[in-house]
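Visitor:
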Amino acid sequence: MKIGLLGLICILLIVGERVLGSPYFDDEEEGLPVDSDYSENALEHLMRAAQQKRSSLIYLFRRACVPRGGNCDHRPNDCCYNSSCRCNLWGSNCRCQRMGLFQKWG
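If you count by mature numbering (1 follows the signal peptide of the UniProt record, and there is no 0), then the sequence shown holds residues -21 to -1, 1 to 85, one letter each, in order.
Following this line, the structure appears as structure tokens:
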């Protein structure tokens, strides 16, 4: 009985860590207003973005980060928080994985 309860607790902890492991969207993009009017063209959208003092292209188009285990294709800044884009020896099969100890420090 105690072994079954201990096993259930371990399984719940593992599932909870997987579900709550990392955010899907970057924290800095959460406060941006979402436009629901799709009738405007791209030029008007660019001019409005320049007037709002947010001329960076990252704020222009909302994008999500790639979760752990996702394919990152040599895009190191697209992985979610606390993850990095790692490839195999030949530079293919790139995946977002947990950062190593020395990557976190420097």
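Beta carbons are placed, not taken as given, at the ideal position from N, Cα and C, and that holds for glycine.
Roughly how many whole angstroms lie between the Cα atoms of residue -12 and residue -4?
Guide: Residue numbering aside, residue -12 sits at position 10 when the sequence shown is read from its first letter. Residue numbering aside, residue -4 sits at position 18 when the sequence shown is read from its first letter. Taking the straight line from one Cα to the other gives about 13 Å.
Visitor: Tell me which same chain residues have a C-beta within less than 6 Å of the C-beta of residue -16, skipping the five on either side of it?
Guide: Your numbering for residue -16 matches position 6 in the sequence shown. Same-chain partners within the cutoff: there are none.
Visitor: For residue 45, count neighbouring Cβ atoms within 10 angstroms of its own Cβ and tell me buried if that reaches 16, exposed if not.
Guide: Against the sequence shown, residue 45 aligns to sequence position 66. With 16 or more Cβ atoms within 10 Å of its Cβ, residue 45 is classed as buried.
Visitor: Taking just the CA atoms, how far does residue 47 sit from residue 75?
Guide: Taking the first residue of the sequence shown as position 1, residue 75 is located at position 96. Taking the first residue of the sequence shown as position 1, residue 47 is located at position 68. If I take the Cα positions, the gap works out to 5 Å.
Visitor: Only counting the same chain, and skipping five residues up and downstream in sequence, which positions put a Cβ closer than 8 Å to that of residue -14?
Guide: Position 8 of the sequence shown, counting from 1, holds the residue named residue -14. Result list for residue -14: empty, nothing under 8 Å.
Visitor: Taking buried to mean at least 16 other C-beta atoms within 10 Å of its own C-beta, is residue 62 buried or exposed?
Guide: As a working note, residue 62 is residue 83 in the sequence shown. Buried, because 16 or more other Cβ atoms sit within 10 Å of the Cβ of residue 62.
Visitor: Based on Cα-Cα distance, which residue from -9, -19, 49 lies nearest to residue 66?
Guide: Along the sequence shown, read from residue 1 onward, the residue named residue 66 stands at position 87. Per the Cα distances, 49.
Visitor: Please list, in chain order, all residues of the same chain as residue 37 whose beta carbon is under 6 Å from its beta carbon, the five residues on each side excluded.
Guide: Position 58 of the sequence shown, counted from the start, is the residue given in the question as residue 37. Because residue 37 sits at a pLDDT of 49, beneath the cut-off of 50, its placement in the model cannot be relied upon, and the point is left open.
Visitor: Which residues mark the beginning and the end of the beta strand (DSSP E) in which residue 75 is found?
Guide: Within the sequence shown, numbered from 1, the residue matching residue 75 stands at position 96. DSSP places residue 75 in the uninterrupted beta strand (DSSP E) bounded by 74 to 77.
Visitor: Any idea what DSSP makes of residue 65, helix, strand or coil?
Guide: Taking the sequence shown and counting its residues from 1, one reaches residue 65 at position 86. Three-state DSSP puts residue 65 in a strand.
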